[in-house]
Amino acid sequence: MLYIFDLGNVIIDIDFGRVLGVWSDYTRVPLANLQKSFVPGEAFERHERGEISDEDFAAALCQELALPLSYEQFAAGWQAVFVGLRPEVIEIMHNLRAQGNRVVVLSNTNRLHTTFWPDQYPEIYAAADRVWLSQDMGMRKPEARIFQKVLEEEGFSAADTLFFDDNAENIRGAEACGIASVLVVDKSTIPGYFAASAALR
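Take 0 as the starting number for the sequence shown in numbering that gives the first Met the number 0 and just add one per residue.
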């Protein structure tokens, strides 16, 4: 069986409010203004596909939000998104592998974030057989091709795969490819799913 785990708010808690808070502190732009105007758009998606550089992404977002930030200030805020690991999910991933399953991570992320979280949270790479990152693949969830690529490379059919993600659009994308999927709504979703599965055995 192939188990695919998203990263943000599945394995690691993330909070974009923290990002906006740092940028607000640097610029004195009111946080409420940033919260209203921050919407992941075209630059965000292109950055996640690796189509634009970190510097170009920072410039585009600063222009969109009217933020007078240096690149260093932008990056400091961007890395503040990470809150902490969900150790219970890391443990489940290890247990699944010990049972002979294949466990991978599939994340919409970006080059700038990957200069931070792999070193900050080495437990993730230790718990996964492989980590698939959108900016390395040139594609992002919920595009069908990214799921098809992972299935092809991992050598599993959609019928033998289970996907966990906190984004309903990504869930729909995976299900359209025939992959059974679980929407992660909070920290209890994944432990609860496997507890229920064990109870049914």
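All residues carry an ideal CB built from backbone N, CA and C; glycine is no exception.
Beta carbon of residue i nearer than 7 Å to that of residue j
i	j	result
P141	E174	no
D159	V9	no
W116	F73	no
A179	L161	yes
V149	L105	yes
G137	R48	yes
Collapsed DSSP secondary structure at residue i in the structure displayed
i	result
F155	coil
R17	helix
A195	helix
Q132	The sequence shown places Leu at residue 132, rather than the Gln named in the question. If DSSP states are grouped into helix, strand and coil, L132 belongs with the strands.
I11	strand
T108	coil
F56	helix
D24	helix
G40	coil
R101	strand
Residue i, buried or exposed, once every other Cβ within 10 Å from all chains shown has been counted against 16
i	result
Q134	buried
M0	exposed
Y2	buried
N94	exposed
V239	One cannot answer for residue 239 here, as it falls past the ends of the chain, which runs 0 to 200.
R171	exposed
Whole-number beta carbon distance between residue j and residue i, since they are thought to touch under 8 Å
i	j	result
G20	L30	6 Å
Y70	A79	So it is not a contact: roughly 15 Å between Cβ atoms.
L111	L64	With a Cβ gap of about 16 Å, L111 and L64 do not count as contacting.
Cα-Cα separation between residue i and residue j, rounded to whole angstroms
i	j	result
F163	S23	33 Å
N100	D128	10 Å
L68	L60	10 Å
E41	E54	15 Å
L66	G76	12 Å
T114	P121	12 Å
Q119	V103	19 Å
R96	D12	22 Å
Y192	F146	22 Å
P190	L182	13 Å
A195	V184	16 Å
Beta carbon proximity, residue i to chain B, threshold 7 Å
i	result
S69	Included in the structure is just one protein chain, with no chain B present.
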